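Protein chains: 2
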Amino acid sequence: MKEFQLIEQFFKNRGQKRRDVILGIGDDCALVQPAEGKVIAISCDTLVEGVHFFADMPAHALGYKSLAVNLSDLAAMGAEPAWMTLALSLPEVDTQWLADFSNGLFEIADYYSVALVGGDTTRGPRCINLTINGQIPKGKSLKRSGAKVGDWIYVTGTLGDSALGLDMLRGVQAVKPEYKEYLLNRHYYPTPRVLAGQALRGLASSAIDLSDGLVSDLSHILKASNVGATINANAIPLSSSLKNSVTAEQALAYALTGGEDYELLFTVPESQRGAIDTALIHSGVKFVNVGQICSGDKVKFTLDGQPFMPEFKGFEHF
Amino acid sequence: MKEFQLIEQFFKNRGQKRRDVILGIGDDCALVQPAEGKVIAISCDTLVEGVHFFADMPAHALGYKSLAVNLSDLAAMGAEPAWMTLALSLPEVDTQWLADFSNGLFEIADYYSVALVGGDTTRGPRCINLTINGQIPKGKSLKRSGAKVGDWIYVTGTLGDSALGLDMLRGVQAVKPEYKEYLLNRHYYPTPRVLAGQALRGLASSAIDLSDGLVSDLSHILKASNVGATINANAIPLSSSLKNSVTAEQALAYALTGGEDYELLFTVPESQRGAIDTALIHSGVKFVNVGQICSGDKVKFTLDGQPFMPEFKGFEHF
C-alpha cells in the first residue's frame with residue numbers, strides 16, 4: 018500500500034486549478050459546480066496493455082493519448098472539457114514511468130483546462146480508464162442522429178496517418194526515415210479537435226470522431242440518422258507522409274478504414290455551408306468536403322468517377 | 018469485435034429512465050442535465066480480479082458490489098445518486114456471467130435510481146471500473162474536514178462482518194453453518210448508507226464511509242480535520258453472527274480494523290445531537306455513539322475503562 022501512496026505525488030495538486038472545482042482529490046468524492054444553462058457530457062475510455070497499446074509504448078505518449086481520446090469524444094459533441102477521473106491499474110510502482118505518464122497526461126490536461134478531480138490506483142495488469150466530463154450550452158450538442166438528406170459531409174485534418182504509424186511500429190510496413198517522426202506522432206499524440214467541435218455548434222447537423230476509421234464511424238452516423246451517403250474517395254485528405262510512404266491504393270485503404278485518427282467527421286446543411294469557413298478559422302484545423310448525405314442506408318464510394326469499394330484494411334480492438 | 022456487441026444487450030436500454038438523462042448510451046458522450054442549485058459529486062472505484070475479488074466470486078454479487086462501493090462514497094458526502102459509467106474489461110464473452118453481473122448491477126442501480134449513461138467494454142484481464150455522479154444542494158456536502166473538538170463520533174450498522182465473511186471465504190476462519198449466509202451477504206452485498214448520508218446533511222460535521230476499517234478511515238477524518246479522538250471499544254456495534262463466531266478479542270479486531278463494511282462513520286456537534294434520532298429514523302439504519310473528538314492528532318482506545326491498543330487485523334488491497 019505504501020508504495021502506492023507514491024502515486025499521489027504524481028497526480029495530486031497538479032494541473033489546472035479550475036474555479037468550478039469545489040473539492041478535489043482527497044475526500045470520498047470530488048465536488049464540482051456545473052455552469053448555469055449547460056448540460057454535462059460524460060464519456061469514458063479504457064486502454065489495456067496488449068490490447069490498445071504495446072507494452073513498450075512510451076509512458077509520456079500513453080498519458081497524453083489516454084486523455085486525448087476522451088477529449089476527442091467531447092469534441093464530437095461540441096463540449097467544453099472540464100473535469101476528469103483517472104483509474105490506473107499498474108503491475109508495479111515504477112517512479113520513472115509514473116513521472117513520464119503523468120507529465121504526458123497533464124501536458125494535454127493543462128492545454129485544455131481539464132482538472133483531475135479523482136481517481137483510483139490499484140495493483141493489477143496495466144490498464145488506464147479515464148472518465149471525462151464536459152459542458153455544452155443546453156440544446157447545442159452535436160449528435161450522430163441529425164444528418165439529413167442533402168447535407169454535406171466533411172472531415173478535419175488528414176486520415177490514415179495513425180494506422181500507418183501503428184503498422185510501422187508493428188513492423189508490417191516499412192516507412193522512409195523522413196516520415197517516421199510525423200507518423201509516430203500522429204499515432205502517439207493525436208490532436209483532439211476540441212475547438213473545432215465547439216465552433217460547429219449550431220452549424221453541423223451531426224458529428225462523430227474518427228476512432229475506428231471513416232467507413233466504420235460514418236456508418237454510425239448513417240444508422241443513427243437513417244440516411245445513406247456518397248463519398249468521393251478522391252477528396253479524402255491524405256498527408257504527404259502517407260502518400261509518399263505507400264501505394265495510392267494502400268493510402269486510401271489506410272485513410273478509409275484505418276483507426277485512431279481522432280479527426281472529426283461532420284455533416285452540414287446546405288444553408289450553413291457558407292458559415293463553416295468563418296466558424297472554423299479560429300480552430301486552426303483544415304477541413305474538406307468528402308461527400309454528401311443521400312437517402313437509403315448505404316455508403317457509395319466513387320474513385321475517379323467510378324464506383325469503388327474500399328478494401329477493408331482492418332482495425333480491430335479484438 | 019462482434020461477440021462484444023453481445024455485451025450491449027446486457028447493458029443498453031436497461032434500468033432507470035431518469036428524466037435528467039438527455040442522451041444515454043450510443044453517442045460519443047452521454048448528456049445529462051444537472052439540477053439547479055446543486056453541485057455534482059464524482060467518485061470512481063476499480064475492482065480487479067485477484068486483487069479486490071476472487072475469480073470465483075458470483076457475478077451477480079460482483080455486479081451489485083461494484084456499484085454499492087461507489088454509492089457508499091456518495092453516501093459519505095450526503096449526495097443523491099444520479100448517473101454512472103461502467104468500464105468493463107473481460108477475458109472472454111460469457112453470456113451467463115454477463116447476465117448475472119448485469120442483473121446484480123441493475124438490481125441496486127434501480128433501487129437507488131442510478132442511470133447507466135455510458136461505458137466501454139474491452140477484452141483484457143477481468144476488471145470493473147465504475148464512475149458515479151451524484152448531486153448535493155450547494156454547501157450541504159459532508160466532508161472529512163469538518164470534525165471539531167467535542168463532536169461525538171457515530172457509526173451506522175455493525176462492524177467487522179464483511180472482513181469475517183472474507184476470512185471465511187479464504188478458509189482461514191471457520192464459522193458455524195447458521196452464520197455463514199449472513200456473513201457472506203455482508204461481504205458480497207454491502208448496503209451503502211445512501212439515505213442516512215442525505216439525512217445527515219446539515220447535522221453531521223464530518224463523515225466517511227468505512228471501506229478500509231474504522232482505525233484506518235477514522236484517521237482520514239482526524240488528519241483532514243486536525244483533531245484527535247477517543248474511542249470506547251465497548252460501544253463498537255457487533256452483530257451476533259460475529260460475536261458468536263470468534264473470540265471477543267477477534268471480534269473487536271475485525272470490527273476495528275477489518276475492511277469493506279461500507280457503514281458510515283460521522284461526527285456530530287453537541288448542539289445537533291438531539292436532532293440525529295429524528296433525522297435518521299426514516300433511513301432505517303441503526304447508529305451508535307462510539308467516541309468523541311478531542312484535541313491532538315491521535316486515537317485513544319479504551320476497553321472496560323482501560324487503555325487499549327487494537328491488534329491490526331490487516332486489510333490491504335496490496
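As given, the protein sequences belong to chains A and B, one line each in that order.
Take our numbering: the final residue in the first sequence is number 335, and no numbers are missing along the way.
Take our numbering: the final residue in the second sequence is number 335, and no numbers are missing along the way.
Glycine residues also receive a C-beta, built at the ideal position from the N, C-alpha and C atoms.
Predicted model only: the values in this text are computed from it and were never measured.
Here residue 326/B carries a coil assignment [DSSP, helix/strand/coil]. Nearest CB-CB separation between residue 225/A and chain B: below the 8 Å threshold. For the pair residue 249/A and residue 150/A, the Cα-to-Cα distance works out to about 35 Å.
Partner residues in a beta bridge of residue 298/B, as assigned by DSSP, do not exist. The beta carbon of residue 235/B sits closer than 7 Å to the beta carbons of 246, 282 and 316 from its chain, once the five residues preceding and following it are set aside; these are given in chain order. Per DSSP, reduced to three states, the secondary structure at residue 142/B is coil, with no helix or strand assignment.
Here the alpha carbon of residue 24/A sits roughly 28 Å from the alpha carbon of residue 152/B. Going by DSSP, residue 119/B is part of the alpha helix (DSSP H) stretching over 112-128.
For the set 70/A, 290/A and 65/A, the Cα lying nearest the Cα of residue 306/A is the one of 290/A.
Counting other Cβ atoms within 10 Å of its Cβ, residue 189/B stays below 16 and is therefore classed as exposed. The contact set of residue 137/A on chain B, defined by CB atoms closer than 8 Å, consists of 61, 62, 63 and 146 in chain order. Residues of chain A whose Cβ lies closer than 7 Å to the Cβ of residue 158/B are, in chain order, 48. Counting the other CB atoms within 10 Å of its CB gives residue 155/A a total below 16, which places it among the exposed residues. Under a 10 Å Cβ-count criterion, residue 112/A is classified as exposed, with fewer than 16 other Cβ atoms of the shown protein chains found around its own Cβ. Using a C-beta cut-off of 8 Å, the stretch 44-64 of chain B makes no contact with the stretch 179-198 of chain B, since fewer than three inter-stretch Cβ pairs fall below that distance.
The stretch 133-145 of chain B makes no contact with the stretch 158-176 of chain B, as fewer than three CB pairs between them are under 8 Å. A residue is called buried when at least 16 other Cβ atoms come within 10 angstroms of its Cβ; residue 44/B meets this threshold and is buried.
In the same chain as residue 320/A, and ignoring 5 residues on each side of it, the C-beta atoms closer than 7 Å to its own belong to 250 and 251, in chain order. With the criterion set as a beta carbon lying under 7 Å from some beta carbon of chain B, the members of the stretch 83-95 of chain A are 90, 91, 93 and 94, in sequence order.
Of the candidates 224/A, 228/A, 253/A and 229/A, 224/A places its Cα closest to the Cα of residue 239/A. Straight-line measurement puts the Cα of residue 83/A at about 27 Å from the Cα of residue 191/A. The residues 273, 274, 316, 327 and 329, in chain order, have a CB closer than 8 Å to that of residue 232/B in the same chain once the five nearest residues on each side in sequence are set aside.
By DSSP's assignment, residue 280/A forms no beta bridge with any residue.
Its Cα nearest to that of residue 133/B, the residue 42/B stands out among 217/B, 42/B and 93/B. Within the same chain, Cβ atoms closer than 8 Å to the Cβ of residue 81/A are found at 121, 122, 124, 125, 205 and 206, the five residues on either side in sequence being excluded.
At a cut-off of 8 Å, the C-beta of residue 125/B has no neighbouring C-beta in chain A. Around the beta-carbon of residue 257/B, fewer than 16 other beta-carbon atoms lie within 10 Å, marking it exposed. For residue 209/A, the closest alpha carbon among the candidates 200/A, 219/A, 226/A and 222/A is that of 226/A. The beta carbon of residue 45/B sits closer than 8 Å to some beta carbon of chain A.
In the three-state reduction of the DSSP assignment, residue 195/B falls in the helix class.
Just so you know, the alpha carbons of residue 262/B and residue 271/B end up roughly 11 Å apart.
Around the beta carbon of residue 138/A, a 10 Å sphere encloses 16 or more other beta carbons of the protein chains shown; the residue is thus reported as buried. Under the 8 Å criterion on CB atoms, residue 40/A is classed as interfacial with respect to chain B.
Secondary structure within the stretch 132-193 of chain B: the beta strand (DSSP E) runs of 3 or more consecutive residues, fully enclosed, are 132-140, 144-154 and 169-173 (chain order). Within chain B, the C-beta atoms nearer than 9 Å to that of residue 100/A come from 57 and 59, in chain order.
Note: residue 319/B is bridge-paired with 249/B and 324/B in the DSSP secondary-structure output.
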